[in-house]
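Here the protein sequences line up with chains P and F, keeping their order.
Position 78 (the first sequence) corresponds to 156 in the numbering used here; numbering is contiguous.
Position 88 (the second sequence) corresponds to 166 in the numbering used here; numbering is contiguous.
For each residue, glycine too, the CB sits at the ideal point set by N, CA and C.
There are 2 protein chains.
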Amino acid sequence: MLLYQKIKDDILNNRLPVGRPLRQTELSDRYGVSRIPIRDALLRLKADGWLVPHGKAGYIIPDLNWQEAEDIFLMRLDLELRLFDYAFDKINKVNLECAGQLIEKLDNKQLTLLEKGELNWDFHKELYFPADRPVLYKTVQSLNQQYARYLGFQYGPMGYKQHSQNEHVELLRFIELNDKKSAMCLLNQHIKDAGQLLVTYLKSIK
Amino acid sequence: MLLYQKIKDDILNNRLPVGRPLRQTELSDRYGVSRIPIRDALLRLKADGWLVPHGKAGYIIPDLNWQEAEDIFLMRLDLELRLFDYAFDKINKVNLECAGQLIEKLDNKQLTLLEKGELNWDFHKELYFPADRPVLYKTVQSLNQQYARYLGFQYGPMGYKQHSQNEHVELLRFIELNDKKSAMCLLNQHIKDAGQLLVTYLKSIK
DNA sequence: GAACTTATTTTTGTATACATTTTTAATGCC
DNA sequence: GGCATTAAAAATGTATACAAAAATAAGTTC
């Protein structure tokens, strides 16, 4: 596992202090490497929105909040549907085959939160990438990247997993049947369900 | 000037080789610093979309192409208008004052391409930031960041500058008059004009 | 001469060491 | 006690040095 992913995994599982600036030396000790690779990882995590600079020194793990979650979710709803719309007719057998395998992998109970998040994105990726809209694709990827910080809630206390999996299977079927309208509608619902559930939950624990 | 900006400036003005992987030692010699700060800058430029990894080693300055330019421009058109819509009623006197000063600064003939691009974004920033939609704002910022690679054409052979400046002034006036409809319409035109001109130009030289 | 191996060189990744900057603690003053 | 100023400590940024990996060149076989 890459250092970058290790840190991500630790952020996702609250094993790193929130609200206090992370120190390079501290992380260097924790992960048993020098500060150079730590710096590289911090820069990447900052680009992902998982860390924000703290004044002139150090990075902070930003607090989760429903406003941000809602903002991401609204943008995903809009942009992913558009991306899927462009992609629909270009999705081929290979894409569907890969997507199907990813659903099965997602059923594995042993997965870490981070792995679940990555597999989930890999699944959607298969349905989005054929759109051949590189910038839109990258933007959607970045939004999913940011959204991933909230996975602890999505798959944790909310027990959303099985519902999500059912929708994945159904979505693939609609694509196979070339039923674009139903597929679009379901994807819309898929994103909306998860988003609204998350936002409601975040508001309730605030 | 920061190393990161120096490299950006050199990319923008074609002073660095396109199509061949950049070597850290090469850059290290060129800018007279060690490879550590070079690596930091490269990571940031990669996050900005100004560099793409080349296989397992090195980064490449990606080629400009009209498809990407069009993709960015279409997304900007959509997302910036929405952001401006959210922001409109929250734009205050201070924002307008700053925006006005930035227009004046943009009139300066001595500015480098990079500076022009940054001032242009700073101007729009004043009109977008009040929206209080952090993720949408960051996405728009990132799109402008990517769009900036095409500034060489926008301000160079196309002579677009004065036209753009006139629209800036007009836009501020509509905001002062609280004429939202006209402002939105003008902003739409402002982005569309620049985008279409750029895409047409890029297609013509292809 | 083309394709595959192996050796060489180059390039990147990382540790260590040090200079600079920033933060924290301590001191003095009102 | 609160606040500004100064001194100590800590943290960051960067250079250098070396190890690991990758790309290139050379050699070999068919």
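Item	Value
Contact residues within the region 208-219 of chain F, judged by C-beta distance below 7 angstroms to chain P	211, 212, 213, 214 and 217
is_contact[residue 169 (chain F), chain P] using C-beta, thresh 8 angstroms	no
CB contact below 8 angstroms: residue 146 (chain P) versus chain F	yes
Minimum Cβ-Cβ distance from residue 149 (chain F) to chain P less than 8 angstroms	yes
Rounded C-alpha distance that separates residue 199 (chain P) from residue 97 (chain P)	28 angstroms
Which of helix, strand or coil DSSP assigns to residue 218 (chain P)	helix
Proximity test, residue 281 (chain F) beta-carbon vs the ligand ZN heavy atom, cut-off 7 angstroms	The ligand content of the structure shown is nil, which means the ligand ZN is not present either.
Reduced DSSP secondary structure (H/G/I, E/B, other) of residue 99 (chain P)	coil
Contiguous alpha helix (DSSP H) assignments of at least 4 residues, all confined to the region 138-201 of chain F	144-165 and 171-184
8 angstroms Cβ cutoff met for residue 221 (chain P) and residue 150 (chain P)	yes
Closest residue to residue 284 (chain P) among P:272, P:145 and P:160 (Cα-Cα distance)	P:145
Exposure of residue 153 (chain F), with buried meaning 16 or more beta-carbon neighbours within 10 Å	buried
Three or more C-beta pairs below 8 angstroms linking the region 170-179 of chain P and the region 249-260 of chain P	yes
Per DSSP, cross-strand counterpart(s) of residue 320 (chain P)	No answer is possible for residue 320 (chain P): it lies beyond the span of chain P, which begins at 79 and ends at 284.
Residues of the region 100-118 of chain F with Cβ closer than 9 angstroms to any Cβ of chain P, in chain order	114, 117 and 118
Cut-off 8 angstroms between Cβ atoms - residues of its own chain near residue 157 (chain F), not counting five sequence neighbours on either side	214, 217, 218 and 221
Nearest-angstrom beta carbon gap, residue 205 (chain P) and residue 173 (chain P) [assumed within contact, 8 angstroms]	7 angstroms
Pair within 8 angstroms by beta-carbon distance, residue 185 (chain P) and residue 243 (chain P)	yes
Beta-carbon neighbours of residue 224 (chain P), restricted to chain F and to distances below 8 angstroms	213
Secondary structure of residue 80 (chain F), DSSP reduced to three states	coil
Reduced DSSP secondary structure (H/G/I, E/B, other) of residue 266 (chain F)	helix
Alpha-carbon to alpha-carbon, residue 195 (chain F) and residue 275 (chain P)	41 angstroms
Cβ of residue 125 (chain P) within 8 angstroms of any chain F Cβ	yes
Residue 84 (chain P) versus residue 114 (chain F) - alpha carbon distance	22 angstroms
Chain F within 8 angstroms of residue 121 (chain P), Cβ atoms only	yes
CB of residue 87 (chain P) within 8 angstroms of CB of residue 192 (chain P), strictly	yes
Min CB distance residue 262 (chain P) to chain F below 8 angstroms	no
Residue nearest to residue 165 (chain P) in terms of C-alpha spacing, selected from P:187, P:279, P:202 and P:230	P:202
Residue 130 (chain P), buried or exposed, once every other Cβ within 10 Å from all chains shown has been counted against 16	exposed
Beta-carbon proximity of residue 211 (chain F) to residue 128 (chain F), cut-off 8 angstroms	no
Rounded separation between residue 240 (chain F) and residue 263 (chain F) - CA only	19 angstroms
Where residue 257 (chain P) sits in the DSSP three-state scheme	coil
Separation of residue 209 (chain P) from residue 281 (chain F), as counted between CA atoms	21 angstroms
Status (buried if at least 16 other CB within 10 Å, exposed otherwise) for residue 43 (chain P)	No answer is possible for residue 43 (chain P): the residues shown for chain P start at 79 and end at 284.
Residue environment, residue 255 (chain P), which counts as buried when at least 16 other CB atoms sit within 10 Å	exposed
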